[in-house]
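Residue numbers (our numbering): 678 to 803.
Shown next, in the form of structure tokens:
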């Protein structure tokens, strides 16, 4: 939802999350969330807000090195304080997390057919 001037929802959404440092990934309808794929492609550090989410490709991706996991029932001001603290006091860590997102988003690209080193097909077959 957006308040104010109307905008092209789809393109503006991806432009906006592409400019963010952290992006929330709330629980989806099932065991995982489509939002995770969206924020990975946007190059945004996922803030996982689900205690039950199934993270894909855990055998090839070290999720703690590129995401923040926060208990679903504790979402609120402490989470915002934590993210603000990371962004101001631990900027080198945030930069490393962002680099890891960029490095590992190839695991989510199902159009990457010819890559034998980093594609979802390689991860599925492991």
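Don't be surprised by glycine CBs; every beta carbon is placed ideally from N, CA and C.
- Per DSSP, residue 699 is one residue of the beta strand (DSSP E) stretching across 699–703.
- Scanning the region 686–771 from its first residue to its last, the whole beta strand (DSSP E) runs of 3-plus residues come out as 699–703, 722–726.
- Between the region 711–723 and the region 694–703, the count of Cβ pairs shorter than 8 Å is three or higher; the stretches touch.
- Boundaries of the alpha helix (DSSP H) around residue 802: 797–802.
- Counting other Cβ atoms within 10 Å of its Cβ, residue 726 reaches 16 or more and is therefore classed as buried.
- Cβ contact annotation for residue 742 (same chain, cutoff 6 Å, sequence separation greater than five): 777, in chain order.
- Take residue 737, set aside five residues on each side of it, and the residues of its chain with a beta-carbon closer than 7 Å to its own are 784, 800, 803, in chain order.
- When the alpha-carbon of residue 768 is set against those of 722, 711, 794, the nearest one is in 722.
- Straight-line measurement puts the Cα of residue 728 at about 11 Å from the Cα of residue 751.
- Approximately 18 Å separates the beta-carbon atoms of residue 709 and residue 748; this is outside 8 Å, ruling out the contact.
- Assigned with DSSP and collapsed to three states, residue 775 falls in helix.
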